[in-house]
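Have a look at the structure below, then the notes.
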Amino acid sequence: MAGIFSFKCSCCGEVHEGSPSFGFSAPDHWLGQDDGIKSEGKLGDDLCYYQDEDGYHYFARVILEIPIDGVSEPFMWGVWVSLSRSSYEHYVETWSEPDPQRGYFGWLCNQLPYYESTHAMGADVYPQPDGKRPILSLHQTDHELYQDFIDGITVEKAQHIAELAMHG
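For the record, in the sequence shown the residue sitting at position 132 is 132 according to full-length UniProt numbering, with numbers rising by one throughout.
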């Protein structure tokens, strides 16, 4: 039986229990926009859009799960992905009754601590029932994050990444 994740933080000395879970409040692209563009767009808990000189941009907040060796619950990231206009509109239209078999292509839009650039990694977004956030499935690449997504990470690596996420 898999165990529960727990570690004594080397930064603050506290004992942290439960698998790490960190979320981003917005797509990095949104954070880089000026106040005028933001005032015309919208950022919510799960959806975001804005228009700039390049056109409209649409985003959804999703869950990226990374297995931890020997631990029952994964390391979870609440990240944002960009979606095409048609995918975004379909996702919003089917919000209350999503089709978990229907995937939407998107690009990862947050820089995760520890990893080399995670921006613009291709992925598929799978809606979940009962108001749960969609699950992200990364496309195959030689990036370390993809390898961790497929193979999982050690408890030590999970602790190291969690400490970076909590303490910089």
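Every residue gets a Cβ at the ideal spot worked out from N, C-alpha and C, and that includes glycine.
Residues of its chain near residue i, where Cβ-Cβ distance is below 6 Å and the 5 sequence neighbours each way are ignored
i      : result
Asp52  : Ile37
Ser6   : Glu17
Asn110 : Phe24, Asp28, Val79, Trp80
Leu145 : Tyr115, Thr118
Collapsed DSSP secondary structure at residue i in the structure displayed
i      : result
His57  : strand
Tyr132 : In the sequence under discussion, the amino acid at residue 132 is Lys, which differs from the Tyr named in the question. Three-state DSSP puts Lys132 in coil, outside helix and strand.
Gly23  : strand
Phe5   : coil
Met121 : coil
Gly44  : coil
Ser82  : strand
Glu65  : strand
Residue environment, residue i, which counts as buried when at least 16 other CB atoms sit within 10 Å
i      : result
Thr154 : exposed
Ala162 : buried
Thr118 : buried
Asp151 : exposed
Ile4   : exposed
Leu64  : buried
Leu33  : The sequence as given places Gln at residue 33; Leu does not occur at that position. Buried, because 16 or more other Cβ atoms sit within 10 Å of the Cβ of Gln33.
Val71  : buried
Met1   : With a pLDDT of 41 at Met1, under the threshold of 50, the modelled position of this residue cannot be trusted; read the value that follows with caution. The residue is exposed, with fewer than 16 neighbouring Cβ atoms inside 10 Å.
Tyr104 : buried
Ala120 : exposed
Run of the beta strand (DSSP E) containing residue i, from where it starts to where it stops
i      : result
Ile135 : 135-138
Trp30  : Counting along the chain, Trp30 falls outside any beta strand (DSSP E), though it belongs to the alpha helix (DSSP H) covering 28-31.
Asp52  : 47-52
Continuous alpha helix (DSSP H) stretch holding residue i: start and end
i      : result
Tyr114 : Careful: Tyr114 lies outside any alpha helix (DSSP H) and carries neither H nor E.
Val15  : No alpha helix (DSSP H) contains Val15, which is instead part of the beta strand (DSSP E) from 15-17.
Val155 : 155-167
Val92  : 85-93
Gly106 : Premise fails: Gly106 lies in the beta strand (DSSP E), 104-108, not in any alpha helix (DSSP H).
Ser39  : 35-40
Ile150 : 144-151
7 Å Cβ shell around residue i - same chain, five flanking residues per side excluded
i      : result
Leu164 : Pro113, Tyr114
Pro100 : Tyr126, Pro127, Gln128, Pro129
Leu43  : Ala26, Trp30
Arg85  : Tyr56, Tyr58
Test: residue i CB closer than 8 Å to a CB of chain B
i      : result
His160 : Judged by its chain identifiers, the structure shown contains no chain B, having just a single protein chain.
Residues near residue i by beta carbon distance below 8 Å, same chain, minus five either side
i      : result
His160 : Tyr114
Answer yes if the segment 80-97 comes into contact with the segment 59-68, meaning at least three C-beta pairs across the two stretches below 8 Å, and no otherwise. Contact between the segment 59-68 and the segment 80-97 is established, with three or more Cβ pairs separated by less than 8 Å.
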